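Student: Taken in sequence, the protein lines are chains A and B.
Per the numbering used here, the first sequence starts with residue 502, numbered consecutively.
Per the numbering used here, the second sequence starts with residue 502, numbered consecutively.
Structure provided below as structure tokens; questions to follow.
Protein chains: 2
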Amino acid sequence: MSKNISEHLKKNGIKPSLQRTKIYEYLIENKNHPTVDQIYNDLVKDIPTLSKTTVYNTFNLFMEKNIITIITIEENETRYDADTTFHGHFKCDECGEVYDFDIDDIQINKDILKDFQINERHLYFKGKCKDCLKK
Amino acid sequence: MSKNISEHLKKNGIKPSLQRTKIYEYLIENKNHPTVDQIYNDLVKDIPTLSKTTVYNTFNLFMEKNIITIITIEENETRYDADTTFHGHFKCDECGEVYDFDIDDIQINKDILKDFQINERHLYFKGKCKDCLKK
DNA sequence: AATATTAATTGTAATCATTACAAATTTAAA
DNA sequence: TTTAAATTTGTAATGATTACAATTAATATT
Numbered sequence: 502m503s504k505n506i507s508e509h510l511k512k513n514g515i516k517p518s519l520q521r522t523k524i525y526e527y528l529i530e531n532k533n534h535p536t537v538d539q540i541y542n543d544l545v546k547d548i549p550t551l552s553k554t555t556v557y558n559t560f561n562l563f564m565e566k567n568i569i570t571i572i573t574i575e576e577n578e579t580r581y582d583a584d585t586t587f588h589g590h591f592k593c594d595e596c597g598e599v600y601d602f603d604i605d606d607i608q609i610n611k612d613i614l615k616d617f618q619i620n621e622r623h624l625y626f627k628g629k630c631k632d633c634l635k636k
Numbered sequence: 502m503s504k505n506i507s508e509h510l511k512k513n514g515i516k517p518s519l520q521r522t523k524i525y526e527y528l529i530e531n532k533n534h535p536t537v538d539q540i541y542n543d544l545v546k547d548i549p550t551l552s553k554t555t556v557y558n559t560f561n562l563f564m565e566k567n568i569i570t571i572i573t574i575e576e577n578e579t580r581y582d583a584d585t586t587f588h589g590h591f592k593c594d595e596c597g598e599v600y601d602f603d604i605d606d607i608q609i610n611k612d613i614l615k616d617f618q619i620n621e622r623h624l625y626f627k628g629k630c631k632d633c634l635k636k
């Protein structure tokens, strides 16, 4: 697994250091789109010398190399996604959990965006998840 | 015009003070979704005593009363929208302008969000606008 | 292998948007 | 008019992110 990650980073022009590999692996294994804080707090157990700056630097590098996308739902917390294909996110107001969902199709009125170049598309919903509704 | 705004605020349980009225009016007339800074800098010419805190307080109040929605495209700048009907936003990476566009339909795979309660839907694109592409 | 060069990581301080809070002002009620 | 309640304001605090310089690790050169 870790071998695959190294390869994937290399293929995208990223030298696979320990920190980079672990951070990318964490994102792959935790598909709930953790915040930088969560990632740092978990990974520092593994890599005691880890700095939060490194986490930020690494994500900025991953972004430049287009192997992750940014998820901006709340103003004050950035999350990241290792799945760069187009899909939607649902964030529960109650528990804070972020869920992925598939988008089949979006039909928009093209009049306004005619001759615009669209590079990124983001769709997210907010509300209450099934588990929180039960309570 | 200003009369209508007062009425609209009252109808939604908001006492229409000078500041609130001007801020709401500004949002109605500037459909490009200005940031708090832009709004403050423009309105302070009109209301010299205006405080940026008031702008923030007012938007938070408007949000509670559901007469505006928040637009979170970039992590570090919150924008607001007086049009609370569902529509999309396009932000140009080059000039920073935010455009509205109409959404006809969105089809998603409902499996994951079955039994979820969806309260808000947000769709935004990023790229280059027509004007910036010409250059 | 030893040294020089370059790249990556780290810690601390700075930045900047937003909020907390208490004082001052304005509005409404008695 | 006096009193109470609501609104606005300015300043300080917060918290996420970035700038930057120093340290450490990796790579290239002799």
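Glycine is no exception: its CB is placed at the ideal position from the N, C-alpha and C atoms.
As the structure is a prediction and not an experimental result, all values here were calculated from the model.
Is any beta-carbon of chain A found at less than 9 Å from that of H509/B?
Tutor: It does not: the Cβ of H509/B has no partner Cβ on chain A nearer than 9 Å.
Student: For a cutoff of 9 Å on Cβ pairs, would you count I571/A as touching chain B?
Tutor: yes
Student: For a contact meaning CB atoms closer than 9 Å, what does Y600/B contact in chain A?
Tutor: I613, L614, F617
Student: Using only alpha-carbon positions, find the residue among Q618/B, C630/B, K566/B that is nearest to I457/A.
Tutor: Given a span of 502 to 636 for chain A in the structure shown, any question on residue 457/A remains unanswerable.
Student: Applying the 10 Å Cβ sphere with the 16-neighbour rule, what's the burial state of L624/A?
Tutor: Flag for L624/A reads buried.
Student: Taking one C-beta from the region 529 to 543 of chain A and one from the region 572 to 586 of chain A each time, how about it: are there three or more such pairs within less than 8 Å?
Tutor: yes
Student: May I ask you to report which of helix, strand or coil DSSP gives L614/B?
Tutor: Three-state DSSP puts L614/B in coil, outside helix and strand.
Student: Can you name the residues that DSSP bridges to L496/A?
Tutor: Outside the shown range of chain A, which is 502 to 636, sits residue 496/A, and nothing can be said about it.
Student: DSSP three-state call for I524/A: helix, strand or coil?
Tutor: Three-state result, I524/A: helix.
Student: For I574/A versus T579/B, is the C-beta spacing smaller than 9 Å?
Tutor: Their beta carbons are not under 9 Å apart, which means I574/A does not touch T579/B by this criterion.
Student: So with Cβ pairs under 9 Å, would you call Q608/B a contact of chain A?
Tutor: yes
Student: Which bits of chain B does N620/A rub up against, with CB to CB less than 9 Å?
Tutor: Chain-ordered, the chain B residues with CB closer than 9 Å to the CB of N620/A read D594, F626, K627, G628, K629.
Student: So does the region 606 to 615 of chain A actually touch the region 594 to 603 of chain B, counting three or more Cβ pairs closer than 8 Å?
Tutor: yes
Student: Does the region 546 to 566 of chain B come close enough to the region 546 to 553 of chain A to have 3 or more Cβ pairs within less than 8 Å?
Tutor: no
Student: In the region 527 to 539 of chain B, which residues sit with their C-beta less than 7 Å from some C-beta in chain A, listed in chain order?
Tutor: none
Student: Measure how close the beta-carbons of I540/A and E526/A come, nearest whole angstrom, since I'm counting them as under 8 Å.
Tutor: Taking a contact as a CB-CB distance under 8 Å, the pair I540/A and E526/A does not count as one, their CB atoms being some 11 Å apart.
Student: Helix, strand or coil, according to DSSP, for T579/B in the structure here?
Tutor: T579/B falls in the strand class under three-state DSSP.
Student: Quick check on DSSP: helix, strand or coil for K592/A?
Tutor: strand
Student: In angstroms with no decimal places, state the Cα-to-Cα distance between K511/A and Y557/A.
Tutor: 19 Å
Student: What separation, rounded to the nearest whole angstrom, lies between the Cα atoms of E621/B and G628/A?
Tutor: 7 Å
Student: Beta carbon of L528/A, beta carbon of I569/A: below 9 Å?
Tutor: yes
Student: Would K566/A be called buried (16 or more neighbouring beta carbons within 10 Å of its own) or exposed?
Tutor: Under this definition K566/A is an exposed residue.
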